[in-house]
Each structure stands twice: as structure tokens, then as C-alpha cells.
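FYI, in this note's numbering the residues of the sequence shown are 45 to 354.
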Amino acid sequence: MLRFSILALILASACDGCAGCHYDVPDVVEHTGEVDSGGGDTGVRDTGPEPYSRCAVDEVEPNGSPATAQQLPLEARACGAFSTPLDLDFWTFFLPRAQWLRIEVGAQGIGSDARPVLLISSDAGEEAAVDALLNGEDPALVFPASAGAWDLLLSEHTGQGDDTHYPYELLIGESKPAVDWNVDEGDNDTLGGAQGIMTGDAVFGLSEDRWDQDWYAIQVPPGKHAITLDVDAWAAGSAGDYTLAVFHGDDPDHTEELARLAFGEEGWEPDPWGVLSSAGGEVLWVRVIERAERSGPAYWYRLSVTVEED
45 MLRFSILALI
55 LASACDGCAG
65 CHYDVPDVVE
75 HTGEVDSGGG
85 DTGVRDTGPE
95 PYSRCAVDEV
105 EPNGSPATAQ
115 QLPLEARACG
125 AFSTPLDLDF
135 WTFFLPRAQW
145 LRIEVGAQGI
155 GSDARPVLLI
165 SSDAGEEAAV
175 DALLNGEDPA
185 LVFPASAGAW
195 DLLLSEHTGQ
205 GDDTHYPYEL
215 LIGESKPAVD
225 WNVDEGDNDT
235 LGGAQGIMTG
245 DAVFGLSEDR
255 WDQDWYAIQV
265 PPGKHAITLD
275 VDAWAAGSAG
285 DYTLAVFHGD
295 DPDHTEELAR
305 LAFGEEGWEP
315 DPWGVLSSAG
325 GEVLWVRVIE
335 RAERSGPAYW
345 YRLSVTVEED
């Protein structure tokens, strides 16, 4: 059953808008309700998106509580709608085995005015939350999920709703791993226990608890070098919002912060990226943290490292 902390989060989100969001959100073209035929006012008005016909399951109300959650088979696309303001739609599904899972919510992609918020919770206590307005895209998750029963809650971020203008689709199914990697995260929760990595490494890591921080050590050869750090997470289906802090120094007891990376190459993407310059002959210490202190298997990252002569 979804925890009350999760439910409180979504209700606060619906009432307060996106006050806590920190990403630049692309402009959204709002529906005017008018149809311009080029020949003057015909009296015809836009009634919103056409009902979708490719869904195998239709939402059945009432499903506004965990007790009335609607069962959704894997690989069966569902059609639903935020039919009233502050509508909450609960779904439930079962995984017979541990596997990589994908959850896709379609709204903007089908012409809906809805801005969905996706919350999931398992019997094992694993949770995750994805808000469409964080980066202007429909929510999606790809992550290594545990076997057992899962609950899923969808709501509309702004608290709006009606059957015509706020439809959505929901699809849950098996997935291949979202990324490739050649190094697994080790026991690296402290600076003194930083995990050594080198150029060409792609490390897969998880946020195991809300206080988790992962440390890595990169030995830079003598001479000037450029070090590229690239995190893949949100863009590949993780729920994580990661940031990197980079320090340099000869040993863990004598370090100085060199850079803090929070966004991507274009300056707005949630996944950190950056190119740092080093005089060489030193160690770079990299700390990876989940910005909102969230954790679980849906909060994962891949850190790729390249060290090149500059």
C-alpha cells in the first residue's frame, strides 16, 4: 500500500504548484478552445483530444484509494483520465520475479493537457516519485524492480481535471537494462573509502538510503589533462536527480573543492556533465549524491569517466 508520506507529497504538489521545481521547463502551448479554419468563425469548438483506441484496459472508477486500486496486467496499455479536479487514480500490478521494469505515462504525447505525477511503492517498501513538470516531459521510469506486488498512483500536478482534456495512457512492462556499464559501485560511502576508477570506466550505482553518498577517486597522470564526467540517470529512466562535487588533493585528509556539477552539457538537463582541467599528477575525488535525499532501486546512475591529455 502506498505510504501516507507519498500521498501527502502528491496532495501538496497539487495544491502548491511547482514551487520546489528547479529546472527550466519548456514553454507549453495552451489549448485556446478555438478552431481557426481560415474562413472566419464557424462556431466549431475544439473538444480536446480524441478518445484513444489502442488501449487494452480502460480505467474503471472508483479507483481513488488503495482499497479500490485497479489491477493492470504487464504489457497491457491502459487508458484513463483525471476526470475531476484533484482526482487520484490508483493502479496495482504484480511482478513474478525481479527484473528491469519500465513504466511509461503518456499525456502531453497524446495531446492531453494533463501534467501527471507518478508515484510507486512495493510491498518491500521501495518507493519512487516522478513529476512531469520537473523537465517538461511525461513521466517514465526504467529500473531494476523487486518481485512482488506494486502500487501505483497517478495524479495531475496542478490539480486540474475533466474527462475530455486530461486523459492519459499507462504502460508497465519488462525492459532491458537502461544503460551499459563495466564497473559496479563498491563500498564507497566515505572519502577515505573512495573507489578507484579510471578513464573508460562506466560505473553503475544506486542510492541505497537517503544519506547515501558515493565517493570515487581518479588518478590523473602527470601533465595537463582534461577529465570528462558524465552522469546518465534521469534521461535514461532513473528517478534520481544527481549532483557531483569534485575535489582535488594528494590524499583524503587534504582536499579542496574544484567544481560542482548539477546540470548537463546544454545547461538545463537534470543529469550532470562537465569537463575539468587538471595540471596532472594528482587525485580527483568525486562525490555523487541524490539531491533530494531519495533512495531505492529506481534511484540509480551511471558515471562515465574520460581522462585525456590536454
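We put the beta carbon where it would ideally sit given N, CA and C, even for glycine.
All values derive from a computational prediction rather than experimental measurement.
Check your understanding: Can the beta-carbon of Val275 be found closer than 9 Å to that of Trp329?
Key -> Going by C-beta atoms, Val275 is not nearer than 9 Å to Trp329.
Point to revise | Length at least 4, wholly inside the segment 103 to 136: the alpha helix (DSSP H) runs in chain order | key: Counting only runs of 4+ residues, no alpha helix (DSSP H) is found wholly inside the segment 103 to 136.
Exercise for review: Please confirm whether Glu218 and Leu250 have their CB atoms less than 9 Å apart.
Suggested key: Not in contact: Glu218 and Leu250 (Cβ atoms no closer than 9 Å).
**Study point:** Gln152 (DSSP reduced to helix, strand or coil)
**Key:** DSSP places Gln152 in helix when its eight states are reduced to three.
Review point. CA-CA distance, Gly108 and Gly169?
Key: One C-alpha to the other measures close to 21 Å.
**Study point:** Backbone CA spacing between Thr208 and Ala125 [nearest angstrom]
**Key:** Their Cα atoms are separated by approximately 8 Å.
**Study point:** Ala158 versus Glu148 - alpha carbon distance
**Key:** The straight-line gap from Cα to Cα measures roughly 14 Å.
**Study point:** Given 8 Å, three or more beta-carbon pairs between the segment 265 to 283 and the segment 311 to 326
**Key:** The segment 265 to 283 vs the segment 311 to 326: in contact.
Review point. With Asn232 and Tyr260 assumed to form a contact (beta carbons below 8 Å), what rounded beta-carbon distance in angstroms separates them?
Key: Contact between Asn232 and Tyr260 holds, with the beta-carbon distance rounding to 7 Å and staying under 8 Å.
Check your understanding: Can you list, in chain order, the residues of its chain whose CB lies under 7 Å from that of Ala100, leaving out five sequence neighbours each side?
Key -> Setting aside the 5 residues that flank it on each side, Ala100 is surrounded in the same chain by Ala120, Arg121, each with a C-beta closer than 7 Å to its C-beta; the list follows chain order.
Check your understanding: Which residue comes first and which comes last in the beta strand (DSSP E) that contains Lys268?
Key -> Element bounds for Lys268: 257 to 276.
Check your understanding: Thinking C-beta only, is Gly150 closer than 9 Å to Asp167?
Key -> No; because the gap between Cβ atoms is not below 9 Å, this pair is not in contact.
Review point. Span of the beta strand (DSSP E) holding Ala173?
Key: Ala173 -> beta strand (DSSP E) spans 171 to 175.
**Study point:** Environment of Pro160 [buried if 16+ CB atoms lie within 10 Å]
**Key:** Per the 10 Å Cβ criterion, buried.
**Study point:** Environment of Glu334 [buried if 16+ CB atoms lie within 10 Å]
**Key:** Buried, because 16 or more other Cβ atoms sit within 10 Å of the Cβ of Glu334.
Check your understanding: Which residues mark the beginning and the end of the beta strand (DSSP E) in which Thr160 is found?
Key -> For clarity, residue 160 is Pro in the given sequence; the question names Thr instead. Start and end: 160 to 166.
Practice item. Output the boundary residues of the beta strand (DSSP E) element that contains Arg346. Key: For Arg346, the uninterrupted beta strand (DSSP E) segment begins and ends at 340 to 353.
Practice item. Could you please give the first and the last residue of the uninterrupted beta strand (DSSP E) stretch that includes Phe307? Key: Counting along the chain, no beta strand (DSSP E) covers Phe307, and no H or E run does either.
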